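So the sequence shown is numbered by my numbering: it starts at -5 and just counts up by one.
Just so you know, even glycine gets a beta-carbon here, dropped at the ideal spot from N, CA and C.
Bear in mind the structure is a predicted one, so any value in this text is a computation, not a measurement.
Below is one structure, written out as structure tokens, with a few remarks after it.
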Amino acid sequence: MKLLFIGGDHYSTYPSLKAHVAYHGKSLSLIQFNSMHILIDGQTKNYIIKNHGFMFYYAVREDFIDPQTRIEIVIRTFNDGFMGAKISDTAWIHQNSTEHMVEEIRNRVGNNLTYLTFDIDCLDPVFSSVTGTLVCRGLTMAQIIAILRRLRSINYVGMDIVEVSPPYAYD
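And the structure:
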């Protein structure tokens, strides 16, 4: 089963991951593009609901994601190693290259069954303003295209594009 899910806030990734794990019978590797690190520990904050800020915490706890084969590419917030995640910020990509980022991603996920989640807010607002979380120093369209093209050989089982909200667009 391969699925591309489009729409919703980032919580919509959670039921998609759950369905893929049920279908494949094992945890998945995760490639996550986002403006912020959202593997927040919901229990220490006394939250009992799963929402767009805590769903990856629960996805790791519920064994949907293998944290040792999970990588986040984020713009702000840097918290390397939380629950085993590898986190790379966009400043590193701007200073190095997309090829280095692709190598990091490939090394992390290997040939495992992989889910890719792409939050539109990882793009610099110059390239996309259709989200509620505009953050400067995001990735450029050229960087995203270069990274995604070089990741075609990843063993994807599913992908999503989230946090797209045209009413937030500005002219």
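In this structure, N28 places its C-beta atom within 7 Å of the C-beta atom of C116. Only buried fits H14, as 16 or more other CB atoms lie within 10 angstroms of its CB. Taken through DSSP and simplified to helix, strand or coil, R143 comes out as helix.
CA-to-CA, the gap between F48 and F(-1) works out to about 19 Å.
For Y8, no beta strand (DSSP E) encloses it; the enclosing alpha helix (DSSP H) starts and ends at T7 to H18. Judged by DSSP secondary structure, V151 falls within the beta strand (DSSP E) whose first and last residues are Y150 to V156.
Look at N101 here: in three-state DSSP terms it is helix. Assigned with DSSP and collapsed to three states, E56 falls in coil, not helix or strand.
In terms of CA proximity to D3, E157 leads the group Y164, A163, E157 and L107. Secondary structure of F50 (DSSP, three-state): helix.
The beta carbon of I87 is closer than 6 Å to those of M95 in its chain, skipping five residues each way along the sequence. For T84, the uninterrupted alpha helix (DSSP H) segment begins and ends at T84 to Q89. Scanning T127, V151, F112 and Y164 for the CA closest to the CA of I141 turns up F112.
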